[in-house]
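In what follows, a single structure is set out as structure tokens and then discussed.
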Amino acid sequence: RLNDVMRGELDVACLSSKVISEIATYLDAQVGAFYMLDGKGNGPVLSLLSSYAYTKRKNLSNEFKPGEGLVGQAALEKKQILVSNVPEEYVKVTSGLGEASPRSITVTPFLYESRVSGVVEIGTLGQMSGTQLEYLSQAMNSVAINVETARGREELAKALKESRALAEKLQVQQEELKAANEELEEQTQMLQQSEEKLKLQQEELKVANEELEEKNESLERQKSKIEQANKDLERTRKEIETKAEELGIASKYKSEFLANMSHELRTPLNSLLLLARLLADNKEGNLSKEQMESAGIIYNSGNDLLSLLNEILDLSKIEAGRMDVHVEPVSVATLAEAVRAGFEHVAADKGLSLEVTVSENAPAEISTDRKRLEQIIKNLMSNAIKFTEKGAVTVNFGRPDEDADLSRSGLVREKAFAISVKDTGIGISPKDQKIIFEAFQQAEGGSSRKFGGTGLGLTISRELAALLGGEIQLESEVGKGTVFTVCLPLGPPDFAKVAHEAHTEKPVLPGRGRTARQKKAVVESVPDDRECVKKEDKVILIVEDDPNFARLLQKQCHDKGFKCLASATGEGGLELAEKYSPAAIVLDLKLPGIDGWTVLDSLKENPKTRHIPVHIMSVEDATIEAFRKGAVGYLTKPAKKEDLEEAFQRLEAVFSRRVKDLIVVEDDGNMRKGIIKLVGNGDVYAEEAATGGQALQALKSRKFDCMILDLGLPDMTGFELLKALEAEENVVIPPVIVYTGKELTHEEEMELRKYSESIIIKGVRSEERLLDESSLFLHRMVDKLPENMRKIITNLHDVDIMFKNRRVMIVDDDMRNVFALTSVLEQKGVSVLKAENGQKALEMLLTEPKVDLVLMDIMMPVMDGYETMKRIRAQEKFQKLPIIALTAKAMREDRERSITAGASDYLTKPVDVSRLCSMMRVWLYK
47 RLNDVMRGEL
57 DVACLSSKVI
67 SEIATYLDAQ
77 VGAFYMLDGK
87 GNGPVLSLLS
97 SYAYTKRKNL
107 SNEFKPGEGL
117 VGQAALEKKQ
127 ILVSNVPEEY
137 VKVTSGLGEA
147 SPRSITVTPF
157 LYESRVSGVV
167 EIGTLGQMSG
177 TQLEYLSQAM
187 NSVAINVETA
197 RGREELAKAL
207 KESRALAEKL
217 QVQQEELKAA
227 NEELEEQTQM
237 LQQSEEKLKL
247 QQEELKVANE
257 ELEEKNESLE
267 RQKSKIEQAN
277 KDLERTRKEI
287 ETKAEELGIA
297 SKYKSEFLAN
307 MSHELRTPLN
317 SLLLLARLLA
327 DNKEGNLSKE
337 QMESAGIIYN
347 SGNDLLSLLN
357 EILDLSKIEA
367 GRMDVHVEPV
377 SVATLAEAVR
387 AGFEHVAADK
397 GLSLEVTVSE
407 NAPAEISTDR
417 KRLEQIIKNL
427 MSNAIKFTEK
437 GAVTVNFGRP
447 DEDADLSRSG
457 LVREKAFAIS
467 VKDTGIGISP
477 KDQKIIFEAF
487 QQAEGGSSRK
497 FGGTGLGLTI
507 SRELAALLGG
517 EIQLESEVGK
527 GTVFTVCLPL
537 GPPDFAKVAH
547 EAHTEKPVLP
557 GRGRTARQKK
567 AVVESVPDDR
577 ECVKKEDKVI
587 LIVEDDPNFA
597 RLLQKQCHDK
607 GFKCLASATG
617 EGGLELAEKY
627 SPAAIVLDLK
637 LPGIDGWTVL
647 DSLKENPKTR
657 HIPVHIMSVE
667 DATIEAFRKG
677 AVGYLTKPAK
687 KEDLEEAFQR
697 LEAVFSRRVK
707 DLIVVEDDGN
717 MRKGIIKLVG
727 NGDVYAEEAA
737 TGGQALQALK
747 SRKFDCMILD
757 LGLPDMTGFE
767 LLKALEAEEN
777 VVIPPVIVYT
787 GKELTHEEEM
797 ELRKYSESII
807 IKGVRSEERL
817 LDESSLFLHR
827 MVDKLPENMR
837 KIITNLHDVD
847 IMFKNRRVMI
857 VDDDMRNVFA
867 LTSVLEQKGV
877 SVLKAENGQK
887 ALEMLLTEPK
897 VDLVLMDIMM
907 PVMDGYETMK
917 RIRAQEKFQK
927 LPIIALTAKA
937 MREDRERSIT
947 AGASDYLTKP
957 VDVSRLCSMM
967 RVWLYK
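Taking my numbering, I'd label the letters of the sequence shown as residues 47 to 972.
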């Protein structure tokens, strides 16, 4: 039977499986295994190849080296090994019904030519008989022969396969060799052809060499001519360089001339304006009305002269490449509203209609310098109104026309923005269009011209447009009108390209005359309720020059049950505020006459009006500055109805509550109590917080009107508290007064300015300032404060008290300026010391008693202001002496140079008296 099983061409694996099954069946064995000896690798190893009813156990190996275990030992000895009484856990015979351990294990090697080929292991539940053992021994001979035959057959098949693969590979190589031979033959033929061509080329080369020799002789002659031309070119280049150096020197002299001219004009102009202002104010009351009017005319004429001087300096700064550009996102809708609000009344005064439109294809926002763009638009609008007697002025914000030629600026239409200003005025002739953009040129020239102006406005506009990466285009017909179109890039301009083009000669654009300075608009206020205001009425004052918007606000007031007062000017608004003491004020910033900022400052400086809540509504976006000055809200025009509703609710919430909420964040208990005692008076409820965590929790739970904050807290810094509050979506940060003893670095102060309305360093008079600032942001009526508090605040805002018995040194070589400044300061109780140059000033500082402040001119003989300030600061006792530089030089770098030299602050001549006094008050207070 076993021989029948092994008959046929079986592979080793199949043969072993059939053999172990047949032997186990014949011997009635319950488990069996067939191991083959493999001599490869790290020595001979017996590996399990087939098995019968054998279950692999994870702790037992399927491989044995000779001498390892019973399997390895039987192979080593080449003898059969019989094991009786096998332990229970040695091996298991498993079936579906259960499992049992065999009682007898027989391990029999099978040998071929006295060499072990493998081992057969058989396990039975009973003891094996001698006959069975004999069967195993004899069967192994046949098994060994058949295994070796099968193995030989496999090796022969493998060798045959390899031989066939080699034969195929050899065939491929022979084909490749044949192909290579054929290719080599082709190359040999090509080489022969190339050799023939080479011979032909050698003959051609010989002819070419002869021709080349002739050409060389010709080139030698041309070389001599080129060398001579190069010498001439070098001489021309040197001449050009010399001209360029001369041009640079001329440009430098021009800049110096303009700076010196500025100084020479501003110095007498300074005296003229100061003295004219003193005469116009007539504090002595000894001038007639006509004399005061004459003084006012002198003052206004001086201001006109100053505006002209500023235009000339603007042009020189642009031409010299010293005009700064500050790129920012600019809303087109806001820009359009600003144009309408700024020029509507001016056009109406002249009987012209003004139409401002925004095309559907206009972008919502562009990136440019808003200030420079507004200057361009103002110049074009002023010209359009100035040169138009009847009809209309139309302004459109959109994109350039499809056929627009933008080659001059290199703009791409899809990435460009256009503002067109169209009028129905006198128009410009083709001849004048060629020169109108040049400085000091007008379409209406000659001695009999009807319109004034010097012709600088359009020149400045053209240069500013180029500076912003754009251009100005002109279309005009005499008697029918003119269209100016400003084309600018949507994104930030390429400043490298702009700078290059600014120094490249450009063709003169057609254009029209200089910007006419916008005259002061005469506006009328809308009718209001001033005739029927009663003492118990809640009154809201509206200071707004746009009658349509003023009527809208007035209706909002009446709908909420308030009486309404209205003024179209800042001056009128201040007069109404002091006379009627309204519950709240709505204030525009762009006003004829004094602007809204001046009105806000005046309201907050006046003890009678500083408690009144003010809400700003303007086309300008200056929210932070408005809050810092004491405003309760800020709304940017154009405003929605919901925005107006929210603004009025905010105003009502402030003035309707008698008790204001204050939170004091200070870790020192005594200091907290002191602050509350200083600020509190029954109309203020103060909550204490000793840590940043407590403050954060309090501000999350309810709203406060003001927060007094110390920076040194135990759990976090004041900076971290402010940032944490900013990150909270549902927390409204109230006006913040930082009250700290820490000396702040410049970077820390700039960081605090993002959040805080006021910073007070603890020290002399700091408690007085804390009372003043907190009263401002809590909107407390000064008249209702206790006498001691009222006196503190009144004294702080009395400018003349700040100047009483102060010693101020004026350093200036122009006695007219010294006289004018002395007249102003002495009226305020200031003791004035005079020095005609820097050397005298240094000598006086060493010999005179304490000097509180120095007003320093820059351009002086003997020792100028820069050197004087450096020497003053070099002395330790004068390190903190306030020095205000007064100079006629209006360039930005002059200010930086003054500050670097040691100036505390900087003021440009002609000196504005109010601004000078305000600046002096700040530095004297410090």
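Think of the CB as a built atom: it goes at the ideal place given N, C-alpha and C, for glycine as much as any other residue.
Since residue i is in the alpha helix (DSSP H), which residue starts that stretch and which ends it?
{"i": "M717", "result": "G715 to V725"}
{"i": "F389", "result": "V378 to D395"}
{"i": "V2", "result": "The chain is shown from 47 up to 972; residue 2 falls before or after that span and cannot be answered."}
{"i": "Q873", "result": "M861 to Q873"}
{"i": "E521", "result": "Run containing E521: none in the alpha helix (DSSP H); it sits in the beta strand (DSSP E), E517 to E523."}
{"i": "K886", "result": "G884 to T893"}
{"i": "E766", "result": "G764 to A773"}
{"i": "G758", "result": "Unbroken run through G758: none, as it is neither H nor E."}
{"i": "K477", "result": "P476 to Q479"}
{"i": "L620", "result": "G616 to Y626"}
Would you call the CB atoms of residue i and residue j closer than 8 Å?
{"i": "S183", "j": "Q126", "result": "yes"}
{"i": "V977", "j": "V870", "result": "No answer is possible for residue 977: the residues shown for the chain start at 47 and end at 972."}
{"i": "K461", "j": "P375", "result": "no"}
{"i": "L901", "j": "I930", "result": "yes"}
{"i": "V632", "j": "H604", "result": "no"}
{"i": "V189", "j": "F156", "result": "yes"}
{"i": "A59", "j": "I168", "result": "no"}
{"i": "L325", "j": "L333", "result": "yes"}
{"i": "I927", "j": "V854", "result": "The displayed chain sequence assigns Leu, not Ile, to residue 927. No, Cβ-Cβ distance for L927 and V854 is not below 8 Å."}
{"i": "E772", "j": "I783", "result": "no"}
{"i": "V705", "j": "A735", "result": "no"}
{"i": "Y46", "j": "I754", "result": "With the chain covering only 47 through 972, there is no way to say anything about residue 46."}
{"i": "G516", "j": "T470", "result": "no"}
{"i": "L953", "j": "R961", "result": "yes"}
Once DSSP output is grouped into helix, strand and coil, what is the label at residue i?
{"i": "F80", "result": "strand"}
{"i": "R852", "result": "coil"}
{"i": "D903", "result": "strand"}
{"i": "E490", "result": "Confidence at E490 is low in this model, with a pLDDT of 47, below 50, so the placement of that residue should be treated as unreliable; the coordinate-derived value is given next. E490 falls in the coil class under three-state DSSP."}
{"i": "H372", "result": "coil"}
{"i": "P535", "result": "strand"}
{"i": "A296", "result": "helix"}
{"i": "D469", "result": "strand"}
{"i": "V908", "result": "coil"}
{"i": "F463", "result": "strand"}
{"i": "H657", "result": "coil"}
{"i": "L426", "result": "helix"}
{"i": "E257", "result": "helix"}
{"i": "K601", "result": "helix"}
{"i": "D591", "result": "coil"}
{"i": "G198", "result": "helix"}
{"i": "S183", "result": "helix"}
{"i": "D707", "result": "strand"}
{"i": "T528", "result": "strand"}
So residue i is in the beta strand (DSSP E); what residue range does that whole segment cover?
{"i": "A951", "result": "For the sequence presented, residue 951 should be read as Asp rather than Ala. It spans D951 to T954 - the beta strand (DSSP E) in which D951 sits, taken as one unbroken run."}
{"i": "N986", "result": "What is shown of the chain runs 47 to 972, which leaves residue 986 out entirely."}
{"i": "A630", "result": "A630 to L633"}
{"i": "T933", "result": "I929 to T933"}
{"i": "L95", "result": "V91 to Y98"}
*Does the segment 211 to 225 come close enough to the segment 176 to 195 to have 3 or more Cβ pairs within less than 8 Å?*
Flag = no, the segment 211 to 225 and the segment 176 to 195 do not touch.
*State whether the segment 647 to 665 contacts the segment 611 to 623, with contact taken as three or more CB pairs (one from each stretch) at a distance under 8 Å.*
Taking 8 Å as the limit for Cβ pairs, the verdict is that the segment 611 to 623 does touch the segment 647 to 665.
_If contact is defined by three or more beta carbon pairs under 8 Å, each pair taking one atom from either stretch, is the segment 512 to 530 in contact with the segment 397 to 413?_
Pairwise C-beta distances place the segment 397 to 413 out of contact with the segment 512 to 530, as fewer than three of them are shorter than 8 Å.
*What residue ranges within the segment 100 to 175 form continuous alpha helix (DSSP H) runs of no fewer than 4 residues, ordered along the chain?*
The segment 100 to 175 contains, as complete alpha helix (DSSP H) runs of 4+ residues, the segments 115 to 123 (chain order).
*So does the segment 602 to 616 actually touch the segment 631 to 645, counting three or more Cβ pairs closer than 8 Å?*
For the pair of segments examined, the segment 602 to 616 was found to touch the segment 631 to 645: the number of CB pairs separated by less than 8 Å reaches three.
*So, do the segment 690 to 702 and the segment 598 to 608 have three or more beta carbon pairs nearer to each other than 8 Å?*
By the C-beta criterion, the segment 690 to 702 is judged to be in contact with the segment 598 to 608, since at least 3 inter-stretch pairs fall below 8 Å.
_Whether or not the segment 728 to 742 and the segment 760 to 778 are in contact is what I'm after, with contact meaning three or more pairs of Cβ atoms, one per stretch, closer than 8 Å; do they touch?_
The segment 760 to 778 vs the segment 728 to 742: in contact.
*If we count Cβ pairs, one from each stretch, closer than 8 Å, do we get three or more for the segment 423 to 433 versus the segment 445 to 461?*
A contact is defined here as three or more CB-CB pairs under 8 Å, and the segment 423 to 433 fails this definition with respect to the segment 445 to 461.
*If you pair each beta-carbon of the segment 195 to 214 with each one of the segment 167 to 175, do three or more pairs fall below 8 Å?*
Touching, no.
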